[in-house]
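A short worksheet on the structure shown next.
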Amino acid sequence: MTRARALLALPLAVFVGIVLLLHAGFGLGRADLLPSALLGKPFPDFDLPTLGGEPASRSRADLLGKVRLVNVWATWCPTCAAEHDELAGIAAETGIGIVGINYKDDPNAARAWLAQRGDPYRFHIVDANGDLGVDLGVYGAPETFVVDADGVIRFKQVGAVTAETWRDSIAPVVVSLREALIQERQR
Amino acid sequence: MEGKTPPSGGSGLDRQFLNRARDEAAVIPEIGHFAVVAALVTAASLAGAGLVGAATGRAAWVDACRGLAAAQAGLILLGFVLLTVTFLRDDFSVELAAAHSNTLLPWQYKFSAVWGNHEGSFLLWTLVMAGWTLAVALAGGRLEQAFFGRVMGVLGLLNVGFLLFLLLASNPFARLAPFVPLEGNDLNPLLQDFGQIVHPPMLYVGYVGFSVAFAFAVAALLSGRLDAAWARWSRPWTNVAWAFQTVGIALGSWWAYYELGWGGWWFWDPVENASFMPWLAGTALVHSLAVTEKRGAFKSWTVLLAIATFSLCLVGAFVVRSGVLTSVHAFAVDPERGMFLLILLAVAVGGALVLYAMRAPAIRSRLQYGGLSRELLLLVNNLLLVAAVAVIFIYTLYPLAYEAATGGDRISVGPPYFNRVFVPLMFVLAVFLALAPAARWKRTPLTVLRRIGVLFGIGAALGAVGSLLLGGVLKPGAMLATALATWIVATHVDDFRKRRGARPLGYLGMVTAHVGFAVCMVGVAVTSEYSEGIDARMSVGESVEVGGVGYTLAALDRVRGPNYVADRAVFETDDGVRLAPEKRTYFARGDVMTEAAIRPGFFGDRYVTLGEPVADDAWGVRIEHKPMVRWIWLGGLLMAFGGLVAMADGRYRRLASRDSASAPAGRGGAQPA
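Same order as they appear, the protein sequences are chains P and A. Counting in our numbering, the final residue of the first sequence is number 217, and the numbers go up one at a time with none missing. Counting in our numbering, the final residue of the second sequence is number 744, and the numbers go up one at a time with none missing.
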């Protein structure tokens, strides 16, 4: 085989490389929904004040025992406002406990925001300087985590929870976690 | 309802389904489904008859290809028409109609909803594929028989792959039984638009049309007949496919501009890149085919380009449908389908490239050509275009490679990266384009070059002054682009004048397309550099000024459309123009859509969009002035028109029939380059 002939096989080699890459892209699966390195890891420890009510501060222990949504939000985030009704609907429909992380925000503005729009959350943790956000790998608000009864992060949604993302990706995770929990308790 | 229940008993929903089932028309989708299955069998027969007939020299088998191609097209057309009927009848027992249509949807959108989704659009793809196959079958009478058989066989084989994918992984005729919804989920409001009715079919005719060039290339490799005749047969087909794809891309850009509501006309989005890469490669192919035909050179390169162009079309389909790359365009995404398409891609392109490695003539460069000959210019054209494809390809796939390498970290490559490389490449391309009409095969005389130099002085000065007058401020990018564009037009007009009698259609097509490129370049540069806009909070009675024109918010009201309600703002300008942007909420899905109000103009558009309400009587609004944005699409249409004009050049057909009668011709007369 001459050099010139070998050169003609070059396109084939390049193509094989591209197909392998595309295939690898596939192996990443639905990577857009599972980007967090924390997936399957325990929710980080925290001890932070709440936005109001009793007790005045909360820790990781308050997340345990049930499947919960943890939603990172702020008054400076217009998408959070758009997402708010959806979360309220989900809370009312499914009874799932939603915990808010008020992220890099002014607590007074946050309370006023909730007073105006209603408060479907169980409680809110105030993460004023974003330390918990760093531990959670938060890109920006809104983000929503599904945390199981053992306090392990099972899912992360970057961006707003919409009717579609709830139906297609979050609800299935929540339902399977709840079923697993029920089976475990029956045993 | 009390008293009699159907013997099968069951709930109200069951009864409803039984009623539907009794409806005789309910069988319509089943007939459509059956027609497509029959088309798959026909495509397989076509592949067998063509390839085996050519290999064993059975003339009757090859002749049968014409009938089979016609049957295939007829069957898929039947399937497509019946699916359309299903949508128009609001038969929501078909899953696709239930998911993408609605009784309130205006009829023309029920029509386009057929291809406003993955399954339906792929059925359209196979229909277009069958249409191209039939066209080649009807027009290919002058081709040498074995060659014709192989072309038909390859086209048939490709459609076997596509139809298998359609039936196994994305069946548009799947039924929802026994529970039939009373109402459909409606078409995505983004797609409820005229541009979306015509954009996908145009783009598909282009995408799939390159399969003909691919089939010719593979047939040539199989026959060992990689000569001028092969190039001459390929040229008109490639031109048509390229022209349609040009229109498709221009329409897509226009749609994004007025429908997505933020006034951009190109985003370097993966899906846009997916159609732009084959277009650039196809542009290179159109040009390199000219060299292969006229001078017998670049053979291996041209055949590789033909394979690459169609491969990029398949990669495009893969990217759009698999969701491997996230995009604002990915309306229908499914990993399993992606895997199927990846296998299809691997088999079709891998097979062709193996054949290429084995059969392509080894690369020799014995051809003699001197400085600034037409060969050299076309070589530069090809290198620049292929470089552009490579850059876009790498940038589009880089996030994927990055994620695979780092195990999950994601990054995105934004428009600045693309622009930084793509824009300079196009400027260099423009310089060589200006030299094109005067260049001659083998060697370009010095006197001609001197004349081009003079034209450059005049053109550049005119263009620069023009851009200055237009914008008022000096912007180097716009000035350079207008100067180069004016130069391109000047050299083409000059050459056109000198030619007098010798202006065949191929030549006219070239001039039109090149002028189109210049027009498009001016539009892109001027819009990018001179657009201005403001975001403002406005209540009724307030005014702002943009681009020297005052806009007053005259009224805010609520209006009702056929399947939505909208907040509407009415703006009046100083010079008496009324603009009414809307914010629509669609009933079926609750989607909120921004409907921009646009006043189009040859020298500039005015573009107003509604943002969010900031108080009871005040809205955030965006008002923009976009000078010469229409030139971008006008240029695109000119390019496409040029491609069609060149295709119509009768010399391809006359020479092609001569070729198949005797040995390939060495050289033509005047050159349709």
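Beta carbons: idealized from backbone N, C-alpha and C, even for Gly.
Item, Value
"contact_flag[the region 216-230 of chain A, the region 305-325 of chain A] where n(CB pairs < 8 Å) is 3 or more", "no"
"Any C-beta of chain A under 8 Å from that of P/Leu-51", "yes"
"Three-state secondary structure assigned by DSSP to P/Asp-161", "helix"
"Simplified DSSP state of A/Glu-666, which is helix, strand or coil", "strand"
"Identity of the residue in A/Gly-524, A/Ala-126, A/Arg-677 and A/Ala-472 nearest P/Gly-47 by Cα", "A/Ala-472"
"For P/Ser-66, three-class secondary structure by DSSP", "Any reading at P/Ser-66 must be qualified, since the residue scores a pLDDT of 46, below 50, and its modelled position is unreliable; the value itself is stated next. The answer is coil: DSSP assigns P/Ser-66 none of H, G, I, E or B."
"Residues near A/Arg-93 in its chain [Cβ-Cβ closer than 7 Å; skip 5 each side]", "Unreliable positioning characterises A/Arg-93 in this predicted model, as indicated by a pLDDT of 49, which lies under 50. A coordinate reading is not provided."
"P/Gly-83 burial status per 10 Å Cβ neighbour count (16 or more: buried)", "exposed"
"Contacting positions in the region 33-46 of chain P - beta carbon closer than 8 Å to chain A", "Ala-34, Arg-35, Leu-37, Leu-38, Ala-39, Pro-41, Leu-42, Phe-45 and Val-46"
"Spatially closest choice to P/Glu-214 from P/Glu-173, P/Val-156, P/Asp-92 and P/Lys-96, by CA coordinates", "P/Lys-96"
"Extent of the continuous alpha helix (DSSP H) to which A/Val-597 belongs", "576-601"
"Residues of the region 296-320 of chain A whose Cβ lies closer than 7 Å to any Cβ of chain D, in chain order", "The structure shown contains no chain D; its protein chains are P and A."
"8 Å Cβ cut-off: residues of chain P touching A/Ala-284", "What A/Ala-284 touches in chain P: nothing, since even the nearest Cβ is about 16 Å away."
"Meets three-Cβ-pair contact criterion under 8 Å: the region 287-300 of chain A and the region 664-679 of chain A", "no"
"contact_flag[the region 452-469 of chain A, the region 416-435 of chain A] where n(CB pairs < 8 Å) is 3 or more", "no"
"The beta strand (DSSP E) enclosing P/Lys-186, as first and last residue numbers", "183-188"
"A/Val-375: contacting residues in chain P (beta-carbon distance under 7 Å)", "The sequence shown places Leu at residue 375 of chain A, not Val. Per Cβ cutoff of 7 Å: Pro-41."
"Start-to-end residues for the beta strand (DSSP E) that takes in A/Tyr-657", "653-657"
"Contact list for A/Val-342 against chain P, beta-carbon separation under 9 Å", "Within chain P, no residue comes near A/Val-342; the closest Cβ sits about 15 Å away, beyond 9 Å."
"Euclidean distance between Cα positions of A/Ser-116 and A/Asp-134", "13 Å"
"Residue of A/Glu-600, A/Ala-584 and A/Phe-527 minimising C-alpha distance to A/Ala-717", "A/Ala-584"
"Straight-line gap, A/Leu-745 to A/Val-692 (C-alpha atoms, nearest Å)", "Residue 745 of chain A is absent from the model: chain A starts at 72 and stops at 744."
"Alpha carbon of A/Ser-172 to alpha carbon of A/Leu-258, nearest angstrom", "5 Å"
"Helix, strand or coil at A/Lys-697 according to DSSP, with G and I counted as helix", "strand"
"Cβ shell of A/Gln-267 (< 7 Å), same chain only, five flanking positions each side left out", "Ser-183, Gly-187 and Trp-326"
"Three-way DSSP call (helix, strand, coil) for A/Asp-606 in this model", "strand"
"Close Cβ partners of A/Val-596 (< 6 Å) along its chain, the five nearest in sequence each way excluded", "The sequence as given places Ala at residue 596 of chain A; Val does not occur at that position. Here the set comprises Gly-548, Ala-549 and Ala-552."
"When A/Leu-496, A/Trp-372 and A/Asn-634 are compared against P/Leu-40, the one with the closest alpha-carbon", "A/Trp-372"
"Range of the contiguous alpha helix (DSSP H) that encloses A/Asn-310", "299-330"
"N-terminal and C-terminal residue of the beta strand (DSSP E) that A/Glu-643 is part of", "635-644"
"Counted within 10 angstroms of its Cβ, other Cβ atoms place A/Leu-253 as buried (16 or more) or exposed", "exposed"
"Distance between A/Ile-605 and P/Lys-186 (C-alpha atoms, nearest Å)", "36 Å"
"Bridge partners - P/Asn-138, DSSP secondary structure assignment", "In DSSP, P/Asn-138 forms no bridge with anything."
"Distance, A/Glu-603 Cα to A/Ile-559 Cα", "28 Å"
"Supposed contact pair A/Gly-103 and A/Leu-175 - C-beta distance, whole angstroms, cut 8 Å", "Wrong, their Cβ atoms sit about 24 Å apart, outside the cutoff."
"Meets three-Cβ-pair contact criterion under 8 Å: the region 500-520 of chain A and the region 446-456 of chain A", "yes"
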